[in-house]
Amino acid sequence: MTTEWEFDGSTGKITARTWPVEAPRYLAVLVHGYGEHIGRYEYVAATLNRHGATVYGLDHMGHGKSEGERVLIDDYEAVVADVHHVVQRARADRPGLPLVLIGHSMGGMIAARYAQHHGAELAALVLSGPVIGSWEQVTSMLEMPEIPFVPINVATLSRDPEIGRIYAEDPLVWHGPFKRELIAALDRCLKAINAGPKLGSLPTLWVHGAADELVPLEPSRAGVETIRGENFTERVYGEARHEVFNETNKDEVLGDVTAFIDRVL
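For the sequence shown, the working numbering gives the first residue as 1, with consecutive numbering after it.
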């Protein structure tokens, strides 16, 4: 049974969630993307549950049910610290089990930065459509006197139109403009990741949609190549859009994720 819980995060109360199984083989921590919330990952969590994982996740500061001005993040190191709190909670709940960190989009950036700080504590890292390397279509807005409001085209999320409809109607999703402070913090985080260190021997899986217009494939590839270690696997899905975990071939994608985890374990 899914449980919600709170902790004192870097900037206020953070809402987190646990999807437990009775006798887990491993632990998985999910890290969500910009403007969304961990409640959008029920299908991913259920798949990982069936695979033998107890799953954890959190709503980042200013996102979902967590406190803070909406989508205002001025330091991603604080977000990494919040993720670390969830990782420590998972380890306290189930000592000794291997732990896999899975980050999507902006969450992929956060997960990559987490791995640079705490990679030795992880069994594996999965990056889904990660904002990594560069994200010029967003960071270029810093040069403008005012940040323009460019609403997300929900059709870029998935070939499944139902995903876009649910996203557009979700009151916990942010539907407004980017905040300048967040873009500046994101730019600093990308540069920090690019500066290293590399991921060394940490088993890493990168999954990405070939038709991703929100976080284009090639800039993300350049970022992944900058930090990847020697134990690296990639899967690029033709025609798939940004949210590969919500795509029409999501079971193929999640099958690749669970097969990768099996190889690591």
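Ideal Cβ placement from N, Cα and C applies to all residues, glycine included.
The shortest CA-to-CA distance from residue 99 to any of 47, 65, 30 is the one to 30.
The C-alpha of residue 109 lies about 16 Å from the C-alpha of residue 122. By the neighbour-count criterion, in which 16 or more other beta carbons inside 10 Å mark a residue as buried, residue 43 falls on the exposed side. Contact between residue 83 and residue 48 fails: their C-beta atoms lie close to 17 Å from each other, not under 8 Å.
A distance of 8 Å or more separates the beta carbons of residue 132 and residue 246.
The criterion of a C-beta distance shorter than 8 Å is not satisfied by residue 172 and residue 13. In terms of Cβ geometry, residue 223 and residue 249 do not form a close pair [threshold 8 Å].
Closest option to residue 50, judged by alpha-carbon separation, among 27, 39, 32: 27. Leaving aside the five residues that flank residue 33 on each side, the residues in its chain whose CB is nearer than 6 Å to its CB run, in chain order, 104, 105, 106, 107.
The Cβ atoms of residue 126 and residue 236 lie no closer than 8 Å to each other.
Here residue 263 is not bridged, per DSSP, to any residue. Minimum Cα-Cα distance from residue 244 among the listed residues 130, 5, 139 corresponds to 130.
Counting only runs of 4+ residues, the alpha helix (DSSP H) found wholly inside the stretch 113 to 187 occupies 136 to 139, 161 to 169, in chain order. In this structure, DSSP gives residue 111 a helical state, which the three-state scheme calls helix. Within the stretch 38 to 67, the runs of beta strand (DSSP E) at least 3 residues long that lie entirely inside it are, in chain order, 53 to 58.
In the structure shown, residue 32 falls within a coil segment according to DSSP collapsed to helix, strand and coil.
Beta-bridge pairing by DSSP links residue 13 to 8. Beta bridge pairing from DSSP links residue 76 with no other residue. Where residue 99 is concerned, the enclosing beta strand (DSSP E) starts and stops at 99 to 104. For residue 20, the closest C-alpha among the options 56, 91, 37 is that of 56. Within 10 angstroms of the beta-carbon of residue 5 lie fewer than 16 other beta-carbons, which makes it exposed. Non-local C-beta neighbours of residue 184 in its own chain, meaning closer than 8 Å and more than five positions away in sequence, comprise 74, 142, ordered along the chain.
Here residue 114 is not near residue 186, since their CB atoms are 8 Å or more apart. With a minimum length of 3 residues, the unbroken runs of beta strand (DSSP E) contained wholly in the stretch 212 to 238 fall at 232 to 237. Contact annotation, residue 139 with residue 214: C-beta distance approximately 14 Å; criterion of less than 8 Å not satisfied.
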